[in-house]
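For reference, the structure is listed below as structure tokens.
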Amino acid sequence: MRYETVIGLEVHLQLATKTKAFCGCSTKFGQRPNSQVCPVCLGFPGSLPSLNEEAFRFAIKVALALNCRIQAIVKFDRKNYYYPDLPKNFQISQYDMPLSYNGFVDIAVDGANKRIRVKRVHMEEDAGKLMHPEGEDYSLVDYNRGGMPLLEIVTEPDMSSPREAYDYLTKLKAILEYLKVSDCDMEKGSLRCDANVSIRPEGETKLGTKVELKNMNSFKGVRNALEYEVKRQDSVLEDGGKLVQETRLWDADKGITTSMRTKEEAEDYRYFPEPDLVPFVVEKEEIERIRKTLPELPEAKAARFKAAFGLSDYDAGVLTSQVDLADYFEECVKLYPNAKTVANWLMGDVMATVNEKNIDMSELALAPAAFTGLLKMIDSKAISGKMAKEVLAEAIETRIAPEEIVQKKGLSQISDAGAIESVVQGVLKKEAKTVSDYKSGKKAAFAFLVGQVMKETKGKANPAVVNEILKKSLGE
Ligand SMILES: [Zn+2]
């Protein structure tokens, strides 16, 4: 039997507001445990929540960018459960009337467009954080995170492979970064992803038994966990076993998933309308006003880059995949309009350095003016491509301008025909035997002569100019 994979994703995004979702506590990361709490987020009796307007506007922005419809009435619900990280014993969330629904994100699959439907984007608050010190018989809880504003972004089960799930997440993150509503930092937990995965016989329309995967700390982790889980489910069915609906945890070190609990149902949470937050109407004018504040998003930017700078689909896609990178590219093109050179060097050596150092573009110690200064020297043949690579690495390391490095090291390439001509003549005189070999048909001798000229100039002669002058001198 051949099986097909069905994947749906749930992303939790922490919004980068200054204060929490329903109280005035600070959202600053990494502060002393339980220093950013108040009666509202600690759930003291008699305290009343009030909605953070900035969080609400960020949520609408995300919903619009994901092509969602906005619900006319905004209503919050209580999701009831007891857990030590949740002092109120309920979480304020949205149940039957999510803020927005019916959106989509397009990804490229084998060169074609595939639409991943976004089922809903709703607002909720985060819980606190439990810590279990190793070897101790107690646990600790930090409520600083309790009440932080979150968005839950849920897709339909539209992805058919772990790779598609990875591509969707990458695209989603790019959009969210463009919107500047979250730092999208998975390590800090600002962006978290759970996955629902099931398999079914090829051609079957009914969904198979769904397993929810948790505890993935990177997009790669999501992909690895899904790949493992698809194989596991496949072998359970192949062995004649039965899958159970459950939540499983990804263990990145061991590369396996383990059962955490059998799945709870929505009715277990006894959702009911949050009585302390009155439902309210979102005016159409307000939505349109927020829509006008949306930035140019990755797809629109890629289309513009292609039209304005003559970039290929691939180059435009890479350059717009991160907002910092796209901004950097545009800064460079303003200073030096040879877009192809800018794109090639940016996507090649610069990106390689950024990835190697594991930093963001914004942390790169290479101003667009310094970078384009280097590109000008390459295009004018003042330095060779090989020298440029060395200069670039040094400029990033030392923060010294590329022009200055070239000058100080005497690196500039000799493109002056007169200077090269005299070296060529000297070489031809010295290598008379090789010259006659060449003239009698031994074509390989030419490369040797080029090599001798390069040696005389310590590698600084422009190879193209050397080739041209040598050919002329040999009577070609
Ligand atoms: Zn608070």
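Each residue of the sequence shown is one higher than the last, beginning at 1132 in my numbering. Using N, Cα and C, we set each Cβ at its ideal position, and we do this for glycine too. Remember, predicted model here, so these are calculated numbers, not experimental data.
Can you grab the Cα-Cα spacing for the pair residue i / residue j, in whole Å?
| i | j | result |
| --- | --- | --- |
| residue 1538 | residue 1508 | 11 Å |
| residue 1172 | residue 1218 | 8 Å |
| residue 1402 | residue 1212 | 10 Å |
| residue 1275 | residue 1161 | 9 Å |
| residue 1206 | residue 1186 | 15 Å |
| residue 1261 | residue 1357 | 26 Å |
| residue 1499 | residue 1460 | 8 Å |
| residue 1463 | residue 1426 | 20 Å |
| residue 1554 | residue 1572 | 24 Å |
| residue 1535 | residue 1582 | 29 Å |
| residue 1510 | residue 1452 | 26 Å |
| residue 1265 | residue 1179 | 37 Å |
| residue 1407 | residue 1208 | 10 Å |
| residue 1497 | residue 1526 | 7 Å |
| residue 1253 | residue 1174 | 22 Å |
| residue 1197 | residue 1312 | 13 Å |
| residue 1586 | residue 1579 | 10 Å |
| residue 1483 | residue 1449 | 13 Å |
| residue 1435 | residue 1471 | 15 Å |
| residue 1603 | residue 1310 | 59 Å |
| residue 1556 | residue 1532 | 36 Å |
| residue 1439 | residue 1413 | 38 Å |
| residue 1326 | residue 1154 | 31 Å |
| residue 1377 | residue 1228 | 26 Å |
| residue 1372 | residue 1306 | 41 Å |
| residue 1399 | residue 1328 | 22 Å |
Thinking residue i and residue j are a contact (beta carbons under 8 Å), I'd like their distance in whole angstroms, please.
| i | j | result |
| --- | --- | --- |
| residue 1505 | residue 1522 | 6 Å |
| residue 1279 | residue 1151 | 6 Å |
| residue 1457 | residue 1437 | Residue 1457 to residue 1437, Cβ: 13 Å. No contact. |
| residue 1355 | residue 1386 | 7 Å |
| residue 1223 | residue 1255 | 6 Å |
| residue 1287 | residue 1248 | 4 Å |
| residue 1201 | residue 1418 | 6 Å |
| residue 1240 | residue 1184 | With a Cβ gap of about 39 Å, residue 1240 and residue 1184 do not count as contacting. |
| residue 1273 | residue 1164 | 4 Å |
| residue 1257 | residue 1147 | Not a contact, Cβ separation roughly 13 Å. |
| residue 1194 | residue 1230 | 6 Å |
| residue 1404 | residue 1204 | 11 Å between Cβ atoms; not a contact. |
Leaving out the 5 sequence neighbours to the left and right, which residues in its chain are closer than 7 Å to residue i when beta-carbon positions are compared?
| i | result |
| --- | --- |
| residue 1135 | 1291, 1330, 1331, 1333 |
| residue 1466 | 1499, 1500, 1503 |
Using a beta-carbon distance below 9 Å, is residue i in contact with chain D?
| i | result |
| --- | --- |
| residue 1317 | You won't find chain D in this structure, because it holds only one protein chain. |
CB-CB under 6 Å to residue i, same chain, minus the five flanking residues each way: which ones, in chain order?
| i | result |
| --- | --- |
| residue 1115 | Nothing about residue 1115 can be read from this structure; the chain reaches only from 1132 to 1607. |
| residue 1226 | 1208, 1402 |
| residue 1590 | none |
Counting only the same chain and skipping the five closest in sequence on each side, list residues whose C-beta sits under 8 Å from that of residue i.
| i | result |
| --- | --- |
| residue 1551 | 1545, 1584, 1588, 1592, 1593, 1596, 1597, 1600 |
| residue 1379 | 1342, 1343, 1344, 1345, 1360, 1388, 1389, 1390, 1391 |
| residue 1520 | 1480 |
| residue 1348 | 1317, 1318, 1383 |
| residue 1270 | 1215, 1261, 1262, 1263, 1264 |
| residue 1300 | 1140, 1142, 1324, 1350, 1353 |
| residue 1235 | 1197, 1198, 1246, 1247, 1248, 1249 |
| residue 1424 | 1192 |
| residue 1159 | 1167 |
Could you spell out the range, first to last residue, of the alpha helix (DSSP H) harbouring residue i?
| i | result |
| --- | --- |
| residue 1243 | Unbroken run through residue 1243 is the beta strand (DSSP E), 1243-1256; no alpha helix (DSSP H). |
| residue 1158 | Run containing residue 1158: none; DSSP gives neither H nor E here. |
| residue 1506 | 1499-1510 |
| residue 1237 | Run containing residue 1237: none in the alpha helix (DSSP H); it sits in the beta strand (DSSP E), 1231-1240. |
| residue 1280 | Premise fails: residue 1280 lies in the beta strand (DSSP E), 1280-1286, not in any alpha helix (DSSP H). |
| residue 1223 | Where residue 1223 is concerned, there is no enclosing alpha helix (DSSP H), although the beta strand (DSSP E) it sits in stretches over 1221-1224. |
Mind checking which residues open and close the beta strand (DSSP E) that includes residue i?
| i | result |
| --- | --- |
| residue 1329 | 1322-1332 |
| residue 1273 | 1271-1273 |
| residue 1211 | 1208-1211 |
| residue 1547 | No beta strand (DSSP E) contains residue 1547, which DSSP labels as neither H nor E. |
| residue 1260 | 1260-1262 |
| residue 1136 | 1134-1145 |
Problem - Whole alpha helix (DSSP H) elements within the region 1315-1389, 4-residue minimum - result: 1350-1369
Exercise for the section: Scan the region 1390-1427 and note each continuous alpha helix (DSSP H) run of 4 residues or more that stays entirely inside, going in chain order. Expected result: 1415-1422
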